[in-house]
Structures are given as structure tokens and as C-alpha cells.
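Residue numbers (my numbering), protein chains in the order written: chain A, 884 to 1017; chain B, 884 to 1017; chain C, 884 to 1017.
Here's the structure, in C-alpha cells; my notes come after.
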Amino acid sequence: MAGLQLRIETHQRTQLVDITDRVREAIGTTDKSVVTLFVPHTTAGVVVQAAGEGATAVARDLASALERIVDESWVWEHTSEGDGNPWSHVRTALTGSSLTIPLVDGRPALGDLQAIFLCEFDGPRSRTLHVVVH
Amino acid sequence: MAGLQLRIETHQRTQLVDITDRVREAIGTTDKSVVTLFVPHTTAGVVVQAAGEGATAVARDLASALERIVDESWVWEHTSEGDGNPWSHVRTALTGSSLTIPLVDGRPALGDLQAIFLCEFDGPRSRTLHVVVH
Amino acid sequence: MAGLQLRIETHQRTQLVDITDRVREAIGTTDKSVVTLFVPHTTAGVVVQAAGEGATAVARDLASALERIVDESWVWEHTSEGDGNPWSHVRTALTGSSLTIPLVDGRPALGDLQAIFLCEFDGPRSRTLHVVVH
């Protein structure tokens, strides 16, 4: 196993944090085929989305769309706050906890318009991301 | 290939079944980097969500949220019942059929609050889960 | 790395294209454990869904369900059209950009009712899919 963990600080309740550069750095030099990213939290996910100029607006649109799709005003059974509110769990399930990306010459084979984002749904918090090349 | 299949019985129409212990057992002892879980059905998925005390409530909240997000009363084109109703297909697509989790010392690198769930969207049925360490 | 790229033409705005045969062909003969599929675009995803007779109806139901779940009439911040409209980004995030499927004797361990689909959310376009066995 060639794995390490990144620590990512989030600053808002719902926030997409561009972690592309940190993932590239964590991968370092390798001849392996893929990188797997995994978020060991139940109220944060990982997703590939738009990079570049419009990225911040797209990220905010994605965050607010998930707030609309999973409505906090629904009746929820789970009420404990210690491990996050229920809607943030559902938003995480829709986004996903894990992502596997091919490597080409040791770099994630992202499209020109793609970046990797940690999705915070119950911040601000300090988050961990597992990065494994294999 | 070091793969095996688990058989999982579901008992409700929409149900999240905690399969963490069975996945750990299936992995056994290994020095591989990751485990990939795959559900070979079109109306059941796999997801990482909350473990522990509040887990049952969170799982029920996730199940009922998916029932709200994908509404059975919409007009659907597909009407055959043999391979599952259309809304269960969509809920499966949102949840995902595949999950890759890093291994640390042969154990899935789940967070303390995480568990692995098979998501049944058209039960009760007998389901298969592929478990491959690689 | 044993990877290659498929080129996939889409013909509609929202369209699911069955790519199962092309993925099988791209894999060729291998003794590896899994295949990872990755879409290097921000407005197209990849998903496993129903094969066979009812497949076209299910695919259209999934496409139209995603059009309902992520509503174009919402207020969106991102307005640039060059890299796709915002709702197609969100539909892609819900569907996912990456999929890892176990191989059994060099063939994807799909269920009898499963097929692999590229999900176009901003077509028609010419799309790339990375296929890596590992």
C-alpha cells in the first residue's frame, strides 16, 4: 500500500474545496495505473467538477443545487447533531465518498476543464482525505 | 484476481443493510491496497454512511430521502416489472453500483462513524455483492 | 499502466449511450482484477444501468428523472456556455465520473440485466472515455 492522508480545512457550512494541486503533490512520482481518493467522513464527499475561470460559480451552483435537492425542511428521523444532521448525510451519499482516477505518466488523467473537489456539507470542519496510488 | 461474492438477503422494499462486518470478513488477510465492492443488480446500490448509535435512523432517512427525490408519481416510460420499476433504477444510479475503499493493514480505512451499506430499492430480494481486493 | 481511450459520439442533449460492447472490446484479454472507467468531461458521466429489452425506456426514464431532479429553471450563478450550463454539471456530479468494475476471466462482472452507459448531459458532443485495467 502506497497511501497517505491529506488534511483539509473547510470554512463554510456547504463548500466545495478545489484539492487538485494537493492530490497531484500527494501522488508524487509513480508508475502506477490509478489513484483512489476516499473521504472517511459521513458528511463530506469527493467529486470531479469544473476547473478554471467559471469554477467558483459552478462549485457554488453545485452546493446550492444539493441544498435544493435534499431539503432541510423535510421531516427527519435522525436528530443527533454530534455526527452531523441528516440532510448532510444524504448530500454526501449523492456525491459519493470515493473516486478512482486513471494516471497517465503519474498524473491524474483529468480533462482540461476538470478539477477535484472535496465537498463539505456540515462545515466548517477539519477533514481527512485518503490518497492511494495502485 | 482475488474476488468473492457475498449473498445478502433484504427484507423491505427500500432498505439499507449494514454489511461492514461481512465485507471485513470477506477481505480476510491481505497486503493489497484497496477493496472494490460492486453490485451486479440494477435496483440495488452500495454506499458508505453513518455507523453506530444513530445509524438506523440515518439509514431510514437516506432511504426516505431517495423516495422523495425520485418520485414514483412521475410519468415513467418503462413499465415492465420483471426487472424492477423505473424509480428504483434511478435511485440506484444516484447511489452508485461500485465503491473502492483503501485498505490499511488489510482493513477498510473507514472513519469511526462510517459503515458500508447495501441499498435495496426493490426488495425484498436476494442480492449479490462482489468483493475484490487489488 | 494498461489504458486506452474510447471516442463516443452523442446525438441528443440528454442521452444515455450503451457502451458495454465497446468497453469489453477495449479490455481485450487480461488477467487483471478490475477495470476503471473515467469520463474527463464536466457535463458527462458514466453509470451502470438496465440492459436488454426494456433498456431504452429505462435509459430515457433516467435521463428525464435527472432533468426533473435538477431543474433548469432554478436561479444559477454560472452563466458561461462554453463549458456547459450549470444544471448539466450537477447532473454529472449526481451520476459520477468514474466507475470501477471487477473482472472475472477478463470480462466485467456485470449482472445479466446490467449494461454500462455514458451519460450525456450537454450534447450532442464528441466524448472521451478512459478505460484502464489494473
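Glycine included, every Cβ here is placed at the ideal spot set by N, Cα and C.
- Item | Nearest candidate by alpha-carbon position, reference R890 (chain A), set A:H961, A:V922, A:R896 | Here residue 890 (chain A) refers to the residue found at position 7 of the first sequence. When only C-alpha atoms are compared, the closest one is A:V922.
- Query: Should V1015 (chain A) and S956 (chain B) be called a contact, given that it needs their Cβ atoms to be closer than 8 angstroms?
  - Reply: Locating residue 1015 (chain A) in the first sequence gives position 132, counting from the first residue. Locating residue 956 (chain B) in the second sequence gives position 73, counting from the first residue. The answer is no: Cβ separation not under 8 angstroms.
- Item | Opening and closing residue of the beta strand (DSSP E) in which A998 (chain A) lies | Taking the first residue of the first sequence as position 1, residue 998 (chain A) is located at position 115. Where A998 (chain A) is concerned, the enclosing beta strand (DSSP E) stretches over 997-1003.
- Determine the chain C residues that contact E960 (chain B) at a beta-carbon separation under 7 angstroms, and present them in chain order. The residue given as residue 960 (chain B) occupies position 77 in the second sequence. Within 7 angstroms Cβ-Cβ: A940, R943, D944.
- Task: Would you give the residue range spanned by the beta strand (DSSP E) that R1010 (chain C) belongs to?
- Result: The residue labelled residue 1010 (chain C) in the question sits at position 127 within the third sequence. R1010 (chain C) -> beta strand (DSSP E) spans 1009-1016.
- Query: For G886 (chain A), which beta-bridge partners are listed by DSSP?
  - Reply: As a position in the first sequence, residue 886 (chain A) is number 3, starting the count at 1. G886 (chain A) pairs with A:V1015.
- Query: Beta-carbon of M884 (chain A) versus every beta-carbon of chain C: anything under 8 angstroms?
  - Reply: Looking up residue 884 (chain A) in the first sequence gives position 1. Only weak support exists for where M884 (chain A) lies, its pLDDT of 44 falling under 50; the coordinates are left without a value.
- Message: I'd like to confirm the pairing. Which residues does DSSP put opposite P991 (chain B) in its beta bridges?
- Response: What you label residue 991 (chain B) is simply residue 108 of the second sequence in a count that begins at 1. Paired residues: B:L986.
- Considering only the beta carbon of each residue, do L945 (chain A) and H972 (chain C) sit closer than 8 angstroms? Position 62 of the first sequence holds residue 945 (chain A). Position 89 of the third sequence holds residue 972 (chain C). For the pair L945 (chain A) and H972 (chain C), the CB atoms are nearer than the 8 angstroms cut-off.
- Item | Extent of the continuous alpha helix (DSSP H) run through D901 (chain A) | Counted from its first residue, the first sequence places residue 901 (chain A) at position 18. Element bounds for D901 (chain A): not the alpha helix (DSSP H) but the beta strand (DSSP E), 898-901.
- Task: Taking V941 (chain C) as part of the alpha helix (DSSP H), name the residues at either end of that continuous run.
- Result: In the third sequence, counting from the first residue as 1, residue 941 (chain C) sits at position 58. Its alpha helix (DSSP H) spans residues 938-952.
- Message: On the criterion of 16 or more Cβ atoms from any shown chain inside 10 Å, does H1013 (chain A) qualify as buried, or is it exposed?
- Response: On the first sequence, position 130 is the one that residue 1013 (chain A) refers to. Flag for H1013 (chain A) reads buried.
- Query: Who are the Cβ neighbours of P969 (chain C) in its own chain at under 6 angstroms, not counting the five residues just before and after it?
  - Reply: By one-based count along the third sequence, residue 969 (chain C) stands at place 86. Excluding positions up to five away in sequence, the list reads W959, H961.
- Task: Could you tell me whether the Cβ of G937 (chain B) comes closer than 8 angstroms to any Cβ of chain A?
- Result: Position 54 of the second sequence, counted from the start, is the residue given in the question as residue 937 (chain B). It does: the Cβ of G937 (chain B) has a partner Cβ on chain A nearer than 8 angstroms.
- Interface flag, G979 (chain B) vs chain C, CB-CB below 8 angstroms: Reading the second sequence from its first residue, position 96 is the one you call residue 979 (chain B). Yes, because at least one Cβ of chain C sits closer than 8 angstroms to the Cβ of G979 (chain B).
- From the DSSP output, which residues share a beta bridge with G928 (chain C)? As a position in the third sequence, residue 928 (chain C) is number 45, starting the count at 1. Paired residues: C:C1002.
- Where do the ends of the beta strand (DSSP E) carrying V917 (chain A) lie? Counted from its first residue, the first sequence places residue 917 (chain A) at position 34. V917 (chain A) -> beta strand (DSSP E) spans 917-921.
- Once you ignore the five residues that flank T983 (chain C) on each side, which residues in its own chain have a CB closer than 6 angstroms to its CB? What you label residue 983 (chain C) is simply residue 100 of the third sequence in a count that begins at 1. Taken in chain order, the residues that qualify are V917, T919.
- Message: I need the straight-line Cα distance from G967 (chain B) to T926 (chain B), nearest angstrom please.
- Response: For the purposes of this step, residue 967 (chain B) is taken as the residue at position 84 of the second sequence. For the purposes of this step, residue 926 (chain B) is taken as the residue at position 43 of the second sequence. Distance between the alpha carbons of G967 (chain B) and T926 (chain B): 6 angstroms.
- Message: Strictly under 8 angstroms for the Cβ-Cβ distance: is P923 (chain B) near chain A by that measure?
- Response: The residue labelled residue 923 (chain B) in the question sits at position 40 within the second sequence. No, its Cβ sits nowhere closer than 8 angstroms to a Cβ of chain A.
- Query: G994 (chain C) touches chain B at which residues, Cβ-Cβ below 9 angstroms?
  - Reply: On the third sequence, position 111 is the one that residue 994 (chain C) refers to. Going along chain B in sequence order, the residues near G994 (chain C) (Cβ under 9 angstroms) are V922, P923, H924, T925, T1011.
- State yes or no: is the beta carbon of T983 (chain B) nearer than 8 angstroms to at least one beta carbon in chain A? Numbered from 1 along the second sequence, position 100 holds the residue referred to as residue 983 (chain B). At least one chain A Cβ lies under 8 angstroms of T983 (chain B).
- Take every Cβ of the stretch 890-909 of chain A, pair it with every Cβ of the stretch 993-1009 of chain A, and state whether three or more of those distances are shorter than 8 angstroms. Yes: the two stretches touch, three or more of their Cβ pairs being nearer than 8 angstroms.
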